[in-house]
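Our numbering numbers the first residue of the first sequence as 143 and each following residue consecutively.
For each residue, glycine too, the CB sits at the ideal point set by N, CA and C.
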Amino acid sequence: MDTDSIIPLPKTVQVCRKALLDWYDGHARDLPWRVLPVARSEGQRPDPYGVWLSEIMLQQTSVTAVKDYYAAFLDRWPGVEHLAAAPLEDVLTCWAGLGYYARARNLHACAQRVVDQHGGVFPQTEAELRTLPGIGDYTAAAIAAIVHDLPTNVVDGNVERVMARLHQVERPLPDAKPELKSLAAHYVLEYRAADWPQALMDLGATICRPKNPKCDLCPLERHCLATKTGKPDAYPRRRPKVARPVRYGAAFVLCRDDTVLLRRRPAKGLLGGMSEVPNSSWQAQKEVTETVMMSAPVEANWHNVGSVRHVFTHFALELDIYKAEASEGYQTNEGWWASCHKLDEEALPSLMRKVLAQAGMLLK
DNA sequence: CACTCGTGGCG
DNA sequence: TCGCCAAGAGT
């Protein structure tokens, strides 16, 4: 670690641990995958499968967005062996709308690894968990701590934010990551090893929020340097964002009675393995109509039925939507016809649901 | 190691 | 309407 990195005073560490754990006893969020501190103190432990599933879903995703998906997954695949036996297509269908679809592919691969190589039992140590697909530094530490009470250093965006404010770290993210992780390591403790990281994350999510932090309710306020000497919501500092470019393209909704033509995207990459309607490549410049029509799946009486705009992580997309009725003899060896009444059974990302809705084909 | 990879909610 | 960003991982 850098010689200029901050080291918290031992006294501060002790007082903050106590204050935050006490706060957690009264303010822990009651989450479906969580065992609350009272039950935990009575020896109750969470289901490793449920904790793992929730942690994967929660990567870069809000609790609100995850809850329904978590319940649906547990209902359909109650254990890791059920999930491992499922076709990947089914997993992607249930994941559709949650985003970052590599997580779903890795989830499935991880379940199969656990069943095939670990007898259906999740490894307990951080190092072993770390080798599984979809489990990185954060998730390995989180599972080891939350499930097995191991004193790991669990560092997510919440913990980074709390540390950056508590110690008023001026170095911007992502450069500050090692420093913030080092700071957090000083607070790790064996006593209540499972509750500590969850307390930190709950504080970050409900009190020490990115915007409008509720410092007056914070159990650590007396020790928080950012609150004393500056505006806490200015931390963690970040590099200025790069502008998000816009890409343009066209999507083709080919209908036959109450069905639409769908196809599968390549297994990896953007929206990998998900379903889509045929569409053009996405370019930085909008192309002329004649060129756009070259990428239609078939010559037909295409009508423009509007456009949709969708924002991805590193670019925005504007798709013009074209719709046509397939002629009687149209044959295709690519894709399949999907009933517009059963589109919930397809692995449609939100972008494609927008497209189908705009074309009037997203019915229930 | 910089880049890729979704989506919805919220001020 | 728009920028911000959430329990990160893989390459």
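Should residue i be labelled buried (16 or more other beta-carbon atoms within 10 Å of its own) or exposed?
{"i": "residue 382", "result": "exposed"}
{"i": "residue 464", "result": "buried"}
{"i": "residue 143", "result": "With a pLDDT of 49 at residue 143, under the threshold of 50, the modelled position of this residue cannot be trusted; read the value that follows with caution. When all chains shown are included, residue 143 counts as exposed."}
{"i": "residue 415", "result": "buried"}
{"i": "residue 436", "result": "exposed"}
{"i": "residue 148", "result": "buried"}
{"i": "residue 253", "result": "buried"}
{"i": "residue 500", "result": "buried"}
{"i": "residue 246", "result": "buried"}
{"i": "residue 303", "result": "buried"}
{"i": "residue 385", "result": "exposed"}
{"i": "residue 346", "result": "buried"}
{"i": "residue 423", "result": "exposed"}
{"i": "residue 309", "result": "buried"}
{"i": "residue 325", "result": "buried"}
{"i": "residue 496", "result": "buried"}
{"i": "residue 316", "result": "exposed"}
{"i": "residue 493", "result": "buried"}
{"i": "residue 282", "result": "buried"}
{"i": "residue 197", "result": "buried"}
{"i": "residue 151", "result": "exposed"}
{"i": "residue 445", "result": "exposed"}
{"i": "residue 443", "result": "exposed"}
{"i": "residue 418", "result": "buried"}
Below 8 Å on the Cβ atoms is my guess for residue i versus residue j; work out the distance and round it to an integer in Å.
{"i": "residue 287", "j": "residue 306", "result": "The pair is not a contact, with the Cβ atoms about 21 Å apart (cut-off 8 Å)."}
{"i": "residue 449", "j": "residue 460", "result": "6 Å"}
{"i": "residue 413", "j": "residue 243", "result": "6 Å"}
{"i": "residue 231", "j": "residue 489", "result": "6 Å"}
{"i": "residue 312", "j": "residue 379", "result": "6 Å"}
{"i": "residue 182", "j": "residue 329", "result": "With a Cβ gap of about 19 Å, residue 182 and residue 329 do not count as contacting."}
{"i": "residue 392", "j": "residue 486", "result": "In fact, because the Cβ distance is near 25 Å, the residues do not count as touching under 8 Å."}
{"i": "residue 428", "j": "residue 390", "result": "4 Å"}
{"i": "residue 228", "j": "residue 219", "result": "6 Å"}
{"i": "residue 387", "j": "residue 457", "result": "5 Å"}
Look up residue i in the DSSP assignment and say whether it is helix, strand or coil.
{"i": "residue 394", "result": "strand"}
{"i": "residue 143", "result": "Legend: pLDDT at residue 143 = 49, less than 50; position of this residue unreliable, no value from coordinates given."}
{"i": "residue 122", "result": "No answer is possible for residue 122: it lies beyond the span of the chain, which begins at 143 and ends at 506."}
{"i": "residue 277", "result": "coil"}
{"i": "residue 501", "result": "coil"}
{"i": "residue 313", "result": "coil"}
{"i": "residue 434", "result": "helix"}
{"i": "residue 448", "result": "strand"}
{"i": "residue 228", "result": "coil"}
{"i": "residue 417", "result": "strand"}
{"i": "residue 201", "result": "coil"}
{"i": "residue 423", "result": "coil"}
{"i": "residue 470", "result": "coil"}
{"i": "residue 478", "result": "strand"}
{"i": "residue 329", "result": "coil"}
{"i": "residue 401", "result": "strand"}
{"i": "residue 173", "result": "coil"}
{"i": "residue 301", "result": "helix"}
{"i": "residue 463", "result": "strand"}
{"i": "residue 380", "result": "strand"}
{"i": "residue 214", "result": "helix"}
{"i": "residue 407", "result": "coil"}
{"i": "residue 347", "result": "helix"}
Please name the residue, chosen from the options, that lies closest to residue i on a Cα-to-Cα basis.
{"i": "residue 161", "options": "221, 250, 218, 362", "result": "362"}
{"i": "residue 153", "options": "216, 364, 430", "result": "364"}
{"i": "residue 453", "options": "241, 441, 398", "result": "241"}
{"i": "residue 285", "options": "301, 236, 300, 264", "result": "264"}
{"i": "residue 214", "options": "331, 199, 503, 171", "result": "199"}
{"i": "residue 483", "options": "503, 396, 220", "result": "503"}
{"i": "residue 455", "options": "167, 166, 202", "result": "202"}
{"i": "residue 334", "options": "187, 369, 394, 212", "result": "187"}
{"i": "residue 491", "options": "222, 260, 297, 239", "result": "239"}
{"i": "residue 298", "options": "327, 343, 419, 248", "result": "343"}
{"i": "residue 466", "options": "398, 433, 255", "result": "398"}
{"i": "residue 261", "options": "396, 331, 216, 221", "result": "221"}
{"i": "residue 421", "options": "410, 376, 434, 409", "result": "434"}
{"i": "residue 301", "options": "331, 323, 400", "result": "323"}
inquiry  = Does the contact criterion of 3 or more C-beta pairs under 8 Å hold for the region 265-281 versus the region 166-186?
reply    = no
message = If contact is defined by three or more beta carbon pairs under 8 Å, each pair taking one atom from either stretch, is the region 349-359 in contact with the region 188-199?
response = no
query = Just checking, does the region 292-304 make contact with the region 321-338 on the three C-beta pairs under 8 Å criterion?
reply = Counting C-beta pairs closer than 8 Å gives three or more between the region 292-304 and the region 321-338, which meets the contact rule.
message = If contact is defined by three or more beta carbon pairs under 8 Å, each pair taking one atom from either stretch, is the region 400-408 in contact with the region 471-482?
response = yes
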